[in-house]
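Numbering (our numbering), first residue to last: 403 to 471. A virtual CB, placed ideally from N, CA and C, is assigned to each residue, including glycine. Just so we're clear, the structure is a prediction, and the values are computed from it rather than from any experiment. Working notes, structure below.
The structure is reproduced here in structure tokens:
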């Protein structure tokens with residue numbers, strides 16, 4: 403049950419969080435070294451990966467209090 407809640411929270415976070423913060427973070431901190439279409443693909447994939455990682459950590463933090471021993 404906790405796995406389903408984790409997946410749902412992560413997916414909801416990826417869909418509903420705005421891209422502006424993540425886009426500016428990637429533009430300023432992470433260098434993308436390609437030109438043209440490959441560069442844009444790498445940029446968008448990096449934004450998506452960072453957004454998913456952030457949502458996964460947040461979902462994990464929400465689920466921790468529901469642990470049972």
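- Residue range 422 to 431 is occupied by the alpha helix (DSSP H) that includes residue 422.
- Under the Cβ criterion (8 Å, minimum of three pairs), the segment 432 to 439 does not count as touching the segment 409 to 419.
- Residue 431 counts as exposed, since fewer than 16 other C-beta atoms from the protein chains shown sit within 10 angstroms of its C-beta.
- Excluding the 5 residues flanking it on each side, residue 469 has no same chain C-beta neighbour closer than 6 Å.
- The continuous alpha helix (DSSP H) containing residue 457 extends over residues 438 to 465.
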